[in-house]
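The structure appears below as structure tokens.
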Amino acid sequence: MSVRLTDAPFDPGALLSDFARNRTETGAVATFTGLARAEAGATTVLELEAYPGFTEAQIGRIADQACERFGLHDLAILHRVGRIAPGDPIVFVATAAGHRRAAFEACDFLMDYLKSRAPFWKKEHGPSGERWIEPTAQDHADRERWGG
Amino acid sequence: MSVRLTDAPFDPGALLSDFARNRTETGAVATFTGLARAEAGATTVLELEAYPGFTEAQIGRIADQACERFGLHDLAILHRVGRIAPGDPIVFVATAAGHRRAAFEACDFLMDYLKSRAPFWKKEHGPSGERWIEPTAQDHADRERWGG
Amino acid sequence: MARVLLFGALRDLAGWRERRIEAASVSALCAVIGQEDAALGEALAGKGVQVAVDQAIVRDDAVLADTSEVAFLPPMSGG
Amino acid sequence: MARVLLFGALRDLAGWRERRIEAASVSALCAVIGQEDAALGEALAGKGVQVAVDQAIVRDDAVLADTSEVAFLPPMSGG
Chain A
6 MSVRLTDAPF
16 DPGALLSDFA
26 RNRTETGAVA
36 TFTGLARAEA
46 GATTVLELEA
56 YPGFTEAQIG
66 RIADQACERF
76 GLHDLAILHR
86 VGRIAPGDPI
96 VFVATAAGHR
106 RAAFEACDFL
116 MDYLKSRAPF
126 WKKEHGPSGE
136 RWIEPTAQDH
146 ADRERWGG
Chain B
6 MSVRLTDAPF
16 DPGALLSDFA
26 RNRTETGAVA
36 TFTGLARAEA
46 GATTVLELEA
56 YPGFTEAQIG
66 RIADQACERF
76 GLHDLAILHR
86 VGRIAPGDPI
96 VFVATAAGHR
106 RAAFEACDFL
116 MDYLKSRAPF
126 WKKEHGPSGE
136 RWIEPTAQDH
146 ADRERWGG
Chain C
1242 MARVLLFGAL
1252 RDLAGWRERR
1262 IEAASVSALC
1272 AVIGQEDAAL
1282 GEALAGKGVQ
1292 VAVDQAIVRD
1302 DAVLADTSEV
1312 AFLPPMSGG
Chain D
1242 MARVLLFGAL
1252 RDLAGWRERR
1262 IEAASVSALC
1272 AVIGQEDAAL
1282 GEALAGKGVQ
1292 VAVDQAIVRD
1302 DAVLADTSEV
1312 AFLPPMSGG
């Protein structure tokens, strides 16, 4: 299990190559990659802040929950911090399980948590200034599907 | 949109790297990779047969449906045929959308279709002989979630 | 003569993958095959077996041309 | 003196990210900050702001030691 933050651009494909390798009992690997959107020019840079140490620990607790709840063989989470250009990956989540339903659901669960509960603060910079982003009502509703 | 069959091993990570590149309005990329399981030695080789031409066309029709139903920006499907060793990828599905719910659901939908309706025939070879695999009751139930 | 293709378990049962057989319709083709190999004939009529003519799924009464490609497709399973 | 950290919009509002402030509890710390900067004091008490002491989420009456690290965490949003 791997939970990491990085302030450098990363390639989600390289992470998937590593994650899917040498698994002879894992039938299913699901991944999610979140990319920074340009919003047709309205967003020029996304700025992500974490609380180093605390952020990884909080994500790690949810990662443990996901492993147990969905019977995962493994998972990996990499989250970008700092200034992110449109088109660059912000977050990568990979889950490995015996069968596809568990892999999909765990990936979905982890993303819902990351969107609305993980200790990150996100600011959009654009031609009309900057603004802090809070989770949407949809983000909260998505997370509540899982209880707790 | 890309729908392909291959009789050679492939790296799902290389496919994700290509798929996620140069997207400035796609917020969400979901992928699924199906791997051949060793089943603790019970399966030594998986053999996948397609009906060339027909198989790609049938998958293409469902891919079109997925694009429309989930408002996808893009999708990619690569399916292995021939003899597949445990641990090797069998299928890779990638979906791109504005937001994560559509990307996840489309990926899930496509896999449910591939498991129970796409023109493939699958045989397990193991120490106790060989047997043809048919979709499980769970596979049919999974597909029926989507109607049709 | 139509070009007949068998897939999956049907091919193993028949012991062949592709043959040319003279028949005016899919049902006539099944009858010809069933006379020669009763077990295969029964399997072709089995639950979940679909028939494609020239790569389009058809009903059993579909008419065949001399150049038709007829494929018998047992229950499918990918991924 | 406790080490006080502000994140997200709270940092922009305060104009600082980290300071050392003397206080015996989280509520006392909020009062000290509020006296100096009323808008920030109000924001710290705002809906959805959580407080962590030494990287564990605590209630407002949590006691502080001289070496405590206190972080004010506005509503979170990752991914």
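Residue numbers (my numbering), protein chains in the order written: chain A, 6 to 153; chain B, 6 to 153; chain C, 1242 to 1320; chain D, 1242 to 1320.
We put the CB at the ideal spot given by N, CA and C, even for glycine.
Since the model is a prediction, treat every value here as computed from it, not as a measurement.
{"Check": "Give a yes or no on whether 9 Å exceeds the smallest Cβ distance from B/ALA71 to chain C.", "Outcome": "no"}
{"Check": "At the 9 Å Cβ level, is A/ASP79 part of the contact set with chain B, yes or no?", "Outcome": "no"}
{"Check": "Is B/PRO91 closer than 9 Å to B/HIS120 when the C-beta atoms are compared?", "Outcome": "The sequence given here places Lys at residue 120 of chain B; His does not occur at that position. Not in contact: B/LYS120 and B/PRO91 (Cβ atoms no closer than 9 Å)."}
{"Check": "Under the three-state reduction of DSSP, which class applies to D/ASP1307: helix, strand or coil?", "Outcome": "coil"}
{"Check": "Flag this pair as touching only if the region 131–151 of chain B and the region 57–65 of chain A have three or more C-beta atom pairs under 8 Å; answer yes or no.", "Outcome": "no"}
{"Check": "Against chain B, does C/ALA1280 count as a neighbour if the rule is that its beta carbon must be under 9 Å from one of theirs?", "Outcome": "no"}
{"Check": "Evaluate A/TRP126 with the Cβ neighbour count: other Cβ atoms within 10 Å of its Cβ, from every protein chain shown; 16 or more gives buried, anything less gives exposed.", "Outcome": "buried"}
{"Check": "Roughly how far, in whole angstroms, is the beta-carbon of A/PRO124 from the beta-carbon of D/MET1317, given that I think they are within contact range, below 8 Å?", "Outcome": "5 Å"}
{"Check": "Can you confirm whether C/GLY1287, when its beta carbon is compared against all beta carbons of chain B, has any partner nearer than 9 Å?", "Outcome": "no"}
{"Check": "If you measure between the beta carbons of A/SER22 and A/ILE82, is that distance less than 9 Å?", "Outcome": "no"}
{"Check": "Quick one: residues in its chain with C-beta nearer than 6 Å to the C-beta of D/ARG1260, no 5 flanking neighbours on either side, listed in chain order?", "Outcome": "VAL1245"}
{"Check": "DSSP three-state label for D/SER1318, please.", "Outcome": "coil"}
{"Check": "State the start and end residues of the unbroken beta strand (DSSP E) segment that holds A/GLU129.", "Outcome": "125–131"}
{"Check": "Are the Cβ atoms of C/VAL1299 and C/LEU1314 separated by less than 9 Å?", "Outcome": "no"}
{"Check": "Determine which residues of the region 118–132 of chain B have a Cβ less than 9 Å from any Cβ of chain C, and write them out in chain order.", "Outcome": "TYR118, LEU119, LYS120, SER121, ARG122, ALA123, PRO124, PHE125, TRP126, LYS127, LYS128"}
{"Check": "Since B/MET116 contacts A/ARG105 with CB under 8 Å, what's their CB separation in whole angstroms?", "Outcome": "6 Å"}
{"Check": "For the 8 Å Cβ check, are there 3 or more pairs between the region 13–32 of chain A and the region 17–36 of chain B?", "Outcome": "yes"}
{"Check": "By DSSP, does A/PRO17 sit in helix, in strand, or in coil?", "Outcome": "helix"}
{"Check": "With the cut-off set at 9 Å, would you say D/VAL1294 and D/LEU1305 are in Cβ contact?", "Outcome": "yes"}
{"Check": "Ignore the nearest five residues each way along the sequence and tell me which others in B/ASP74's own chain have a CB closer than 8 Å to its CB.", "Outcome": "Residue identity check: residue 74 of chain B is Arg in the sequence provided, not Asp. Result list for B/ARG74: ALA111, PHE114, in chain order."}
{"Check": "Would a C-beta distance cut-off of 9 Å place B/VAL34 and B/ALA108 closer than the cut-off?", "Outcome": "yes"}
{"Check": "Along chain E, in chain order, which residues have C-beta atoms closer than 7 Å to that of C/PHE1248?", "Outcome": "Going by chain labels, chain E is absent from the structure shown, which instead holds the protein chains A, B, C and D."}
{"Check": "Within 10 Å of its beta-carbon, does A/ARG9 have 16 or more other beta-carbons around it, so buried, or fewer, so exposed?", "Outcome": "exposed"}
{"Check": "Would you report the Cα separation of C/LYS1288 and B/ILE89, rounded to the nearest angstrom?", "Outcome": "28 Å"}
{"Check": "Inspect the beta-carbon positions of A/GLY32 and B/LEU40 and report whether they are closer than 9 Å.", "Outcome": "yes"}
{"Check": "Using alpha carbons as the reference points, say which of A/GLU44, A/ARG148, A/GLU30, A/CYS72 lies closest to A/ALA99.", "Outcome": "A/CYS72"}
{"Check": "Classify D/ARG1258: buried if its beta carbon has 16 or more other beta carbons within 10 angstroms, exposed otherwise.", "Outcome": "exposed"}
{"Check": "Leaving out five residues on either side along the sequence, give the residues of the same chain with a beta carbon under 6 Å from the beta carbon of B/TYR118.", "Outcome": "ILE67"}
{"Check": "So if I threshold CB-CB distances at 9 Å, which residues from the region 16–30 of chain B count as touching chain A?", "Outcome": "ASP16, PRO17, GLY18, ALA19, LEU20, LEU21, SER22, ASP23, PHE24, ALA25, ARG26, ASN27, ARG28, THR29, GLU30"}
{"Check": "For B/PHE59, which residues in chain C fall below 8 Å Cβ to Cβ?", "Outcome": "ALA1293, GLN1296, ALA1312"}
{"Check": "Spell out whether any CB of chain A is found under 9 Å from the CB atom of B/PHE109.", "Outcome": "yes"}
{"Check": "How many Å lie between B/GLU44 and A/ALA102 at the Cα?", "Outcome": "13 Å"}
{"Check": "Would you say A/PRO14 lies against chain D (beta-carbon separation less than 9 Å)?", "Outcome": "no"}
{"Check": "Please list the residues of the region 139–153 of chain A that have a C-beta atom closer than 9 Å to any C-beta atom in chain B, keeping them in chain order.", "Outcome": "GLN143, ASP147"}
{"Check": "Starting from A/ALA99 and walking both ways along the beta strand (DSSP E), at which residues does that stretch end?", "Outcome": "94–102"}
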